[in-house]
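Below: the structure, in structure tokens.
2 protein chains.
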Amino acid sequence: MAEANGAPRDVEAVSKFVESFAAQLVEAGMQRMPARVFAALLSSDSGTLTSAELGEQLRISPAAVSGAVRYLAQQHMVAREREPGSRRERYRVHSDQWYEALTNREAVIKGWERALREGVDSLGGGSPAGRRLAETLAFFEFVDGEVALMMDRWRIHRERHFGDG
Amino acid sequence: MAEANGAPRDVEAVSKFVESFAAQLVEAGMQRMPARVFAALLSSDSGTLTSAELGEQLRISPAAVSGAVRYLAQQHMVAREREPGSRRERYRVHSDQWYEALTNREAVIKGWERALREGVDSLGGGSPAGRRLAETLAFFEFVDGEVALMMDRWRIHRERHFGDG
DNA sequence: CGCTGGTTTCACAAACTTGTGAAGTTAAGG
DNA sequence: CCTTAACTTCACAAGTTTGTGAAACCAGCG
Chain A
1 MAEANGAPRD VEAVSKFVES FAAQLVEAGM QRMPARVFAA LLSSDSGTLT
51 SAELGEQLRI SPAAVSGAVR YLAQQHMVAR EREPGSRRER YRVHSDQWYE
101 ALTNREAVIK GWERALREGV DSLGGGSPAG RRLAETLAFF EFVDGEVALM
151 MDRWRIHRER HFGDG
Chain B
1 MAEANGAPRD VEAVSKFVES FAAQLVEAGM QRMPARVFAA LLSSDSGTLT
51 SAELGEQLRI SPAAVSGAVR YLAQQHMVAR EREPGSRRER YRVHSDQWYE
101 ALTNREAVIK GWERALREGV DSLGGGSPAG RRLAETLAFF EFVDGEVALM
151 MDRWRIHRER HFGDG
């Protein structure tokens, strides 16, 4: 843990966290560079870093930073900010925004539902296979609704425990 | 095998479903062969297929089948069954079992939680970064619990709408 | 206007992944 | 026990992904 004197961030400790959390994200399917960039932002005090800072901290080229943040911005996991009167960009992680992004695997689930619906249609609801697909579809529709409610409950829970961040 | 003229399975339609559902799974991060094998099982009437049937239907080698089912079995998405008095294996998808497997991204979430906990410890709960990590950790712990409850509700919902499959 | 710090795009080499044929292993059935 | 059907492992070729250096691009500032 860092001590008070000018709050020297323990570079070593931060790096250890970044790499280990990024590794988990990679395991869950995220690409390596976006995962590392995201972890770095998450563990920065201000919640923002510039391209240069990211490049230096992670030892990667400007090109890699550029690719990673483009991806993260598309997924709404980070926001881009231009600091006024400068050519520098800052990238920021909003906690709330990133939860939303996570649960917005919604797009993914919608894709599954579409494919399943077509399957049910073409195999017919009468066959055992058709019924299995219909049930699977029902499961995803159920989950969809429940996740939305769950996020509502989380916002309340969060408010109670953390105030608004 | 010849079709009884009552219920001819539309091979073309099944294949179309298999490929389109598998494509969705791939997009969500699953490997190609496991995704195709899984989709094929899901859309079979009996919910089971032998290695040979899988190989023929998907036009892939025995080696590919072997690799795919090993993966799926590890993830508890299919069960292996040996038909008694035969060298043939059958692979089966249990609907319930596969929902469980899906929500058992739990293993994944546990990994994230572990990494975050270490991060909170080493960065210290006092710093802004530490607090951000702590909140993120709290979110995952919250989700963990909620998902378990959601699955309970699903089982009831399912029972009502589908009887026990 | 053109210089300059900063970001993005592009082509490519290196690393990794994927699916295959073929050899190896296992066990049922003669 | 030996044969043989069925599954698994292995080494590799083909294909894909990844991150880089270098060039192109952009926008503030003098």
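From first to last, the protein sequence lines stand for chains A and B. Residues in the first sequence are numbered consecutively from 1, following full-length UniProt numbering. Residues in the second sequence are numbered consecutively from 1, following full-length UniProt numbering. For glycine and all other residues, C-beta sits at the position ideal for the given N, C-alpha and C.
Q | CA-to-CA distance, GLU106/B to HIS146/B, given in whole angstroms | A | On the second sequence, residue 146/B is found 146 positions in, with the first residue counted as 1. On the second sequence, residue 106/B is found 106 positions in, with the first residue counted as 1. A quick correction: the sequence has Glu, not His, at residue 146/B. The straight-line gap from Cα to Cα measures roughly 12 Å.
Q | Integer Cβ distance of ARG132/B from LEU54/A, believed to fall under 8 Å | A | Taking the first residue of the second sequence as 1, we reach residue 132/B at position 132. Taking the first residue of the first sequence as 1, we reach residue 54/A at position 54. ARG132/B to LEU54/A, Cβ: 17 Å. No contact.
(Q) Residues of the segment 125 to 142 of chain B in Cβ contact with chain A at a cutoff of 9 Å, in chain order, please. (A) GLY125, GLY126, SER127, PRO128, ALA129, GLY130, ARG131, ARG132, LEU133, ALA134, GLU135, THR136, ALA138, PHE139, PHE142
Q. How far does the alpha helix (DSSP H) with GLU100/A in it reach, from first residue to last?
A. Position 100 of the first sequence, counted from the first residue, corresponds to residue 100/A. Where GLU100/A is concerned, the enclosing alpha helix (DSSP H) stretches over 95 to 103.
Q) Once you ignore the five residues that flank ASP96/B on each side, which residues in its own chain have a CB closer than 7 Å to its CB? A) For the purposes of this step, residue 96/B is taken as residue 96 along the second sequence, with counting starting at 1. Cβ within range, chain order: n/a, list empty.
Q: For the beta strand (DSSP E) containing GLU83/B, list its first residue and its last residue.
A: Residue numbering aside, residue 83/B sits at position 83 when the second sequence is read from its first letter. GLU83/B -> no beta strand (DSSP E), and no H or E assigned at all.
(Q) Less than 8 Å between CB atoms is the rule here; does VAL11/B satisfy it with respect to chain A? (A) The sequence position of residue 11/B within the second sequence is 11, counting from 1. It does not: the Cβ of VAL11/B has no partner Cβ on chain A nearer than 8 Å.
Q | Supposed contact pair VAL69/A and TYR91/A - C-beta distance, whole angstroms, cut 8 Å | A | If you number the first sequence from 1, residue 91/A lands on position 91. If you number the first sequence from 1, residue 69/A lands on position 69. Confirmed, Cβ separation roughly 5 Å.
(Q) Give me the chain B residues within the contact set of SER15/A, using Cβ-Cβ distance strictly less than 7 Å, ordered along the chain. (A) In the first sequence, counting from the first residue as 1, residue 15/A sits at position 15. Chain B residues near SER15/A: none, gap ~10 Å exceeds 7 Å.
**Q.** Listed by chain order, chain A residues near ALA28/B by CB distance under 7 Å
**A.** If you number the second sequence from 1, residue 28/B lands on position 28. In chain order: VAL108.
Q) Which residues, taken in chain order from the UniProt domain "HTH marR-type" (29 to 89) of chain A, show a beta carbon closer than 8 Å to some beta carbon of chain B? A) GLY29, LEU42, SER43, SER44, ASP45, SER46, GLY47
Q. Using a Cβ-Cβ distance under 8 Å, would GLU118/B count as near chain A?
A. Within the second sequence, the letter at position 118 stands for residue 118/B. Chain A, which has a Cβ nearer than 8 Å to the Cβ of GLU118/B, makes this yes.
Q: Tell whether a beta-carbon distance below 8 Å holds between GLY111/B and GLN24/A.
A: The count along the second sequence starts at 1 and reaches residue 111/B at position 111. The count along the first sequence starts at 1 and reaches residue 24/A at position 24. Closer than 8 Å, so yes.
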